[in-house]
Each structure stands twice: as structure tokens, then as C-alpha cells.
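To start, the structure under review is shown below, and the notes come after it.
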Amino acid sequence: DYPAFHVMQRLLGGMTGTLFTTLRSERGLVYSTNQQSLVREKAGLYGVSAEVDFDKLPQAIQGLQDAIASVRTRPVEPSELDKAKRNLMLNLRVATQTGDGVASLGVQRLARGLEPLPLADLQARILAVTAEDVQRVADK
219 DYPAFHVMQR LLGGMTGTLF TTLRSERGLV YSTNQQSLVR EKAGLYGVSA EVDFDKLPQA
279 IQGLQDAIAS VRTRPVEPSE LDKAKRNLML NLRVATQTGD GVASLGVQRL ARGLEPLPLA
339 DLQARILAVT AEDVQRVADK
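Residue numbering for the sequence shown is 219 to 358, as defined by the working numbering.
Written out as C-alpha cells, the structure is:
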């Protein structure tokens, strides 16, 4: 589920993700959004936060909940899924351009209780993520 989880994070996060575009750009409820995760082999934690004007706090909390629920309940559009996977692949390529970057990726996986993977295997797993995989991970 690790690759599907990271694709889900890409769908939700960043300046083009659902959280920011919906809550900031479209509704003006937040100044910024953030995601936090702690991933281990069999379990993990996922959280979101936002910088919010106190007067808009109830609407912002509801908006965060709605955005996360939408990933759980509606299929991800193929174009959104493709964009998230391409973005993740680009970041992976940039992060692994040096030997230090490749080693860092391996150490991060070991720290999470995961086996290191050859880069090509990790890329293939990311590209294989489906909309159903994203919904399944979001529902956990």
C-alpha cells in the first residue's frame, strides 16, 4: 500500500492538490495546508493541518473533512491519478540523481520497517497504482 498511499498524498497535497485548491483557491478558507505522515510496515499515521483565520475555523475543518472523504468515496479521475503519479515520479527522479539520494531513499524505507527496493521496482509500483488502490488506502 506504500505506493498507493504516496499517490493519495500527491492527490491531496501541494499547491495543486485537492486540499489547497479547494480550501484556499476556490473557497478562501485557509492560508495554507500541510500533510504529515508516519509510515511503517503494517500501519501508519496520516494527518492534515491548515493555517486558518479563527473566524473561518468551523468551515475549514468541515472542508478538510470533506476533501479527505471525497478521496474515500469518489473514484479519482484518470487525469488526476496520472498527474499525481507523474509528479511523484518526477520527485523520485530528482531525489535519486545522486548516490546520496539513492542511499537516503533506502535508509528511509529501512527506518519505516520496509525492505529497500531497486528504484525501477519502486517506479513500477507507483505507475501500477489504480484509482481503486487510492480509495482502498484512503479508507483505512
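Note that CB positions come from ideal geometry on N, CA and C, so glycine has one too.
{"Check": "With a Cβ-Cβ cutoff of 8 angstroms, do L241 and G235 count as a contact?", "Outcome": "no"}
{"Check": "Please list, in chain order, all residues of the same chain as V294 whose beta carbon is under 7 angstroms from its beta carbon, the five residues on each side excluded.", "Outcome": "L229, A349 and V352"}
{"Check": "Which first and last residues belong to the alpha helix (DSSP H) in which G319 is found?", "Outcome": "G317 to A329"}
{"Check": "When you compare only the Cα positions, how much space is there between A338 and G317?", "Outcome": "15 angstroms"}
{"Check": "DSSP has E269 in a bridge; who is on the other side?", "Outcome": "S250"}
{"Check": "Under three-state DSSP, which class holds G262?", "Outcome": "strand"}
{"Check": "Pick from A313, D300, D219 and S250: whose alpha carbon is nearest that of L282?", "Outcome": "S250"}
{"Check": "Less than 7 angstroms between the CB of F238 and some heavy atom of the ligand NAP, yes or no?", "Outcome": "Here there are no bound small molecules, and the ligand NAP is not part of this structure."}
{"Check": "Taking DSSP as the reference, what is the three-state secondary structure of L345?", "Outcome": "helix"}
{"Check": "The alpha helix (DSSP H) spanning V294 covers which residue range?", "Outcome": "V294 -> no alpha helix (DSSP H), and no H or E assigned at all."}
{"Check": "With a threshold of 16 other CB atoms inside 10 Å of the CB of I344, please say whether the residue is buried or exposed.", "Outcome": "buried"}
{"Check": "Where does L237 fall in DSSP's three states?", "Outcome": "helix"}
{"Check": "Is it right to say G265 is buried, meaning 16 or more other beta carbons lie within 10 angstroms of its own, or is it exposed?", "Outcome": "exposed"}
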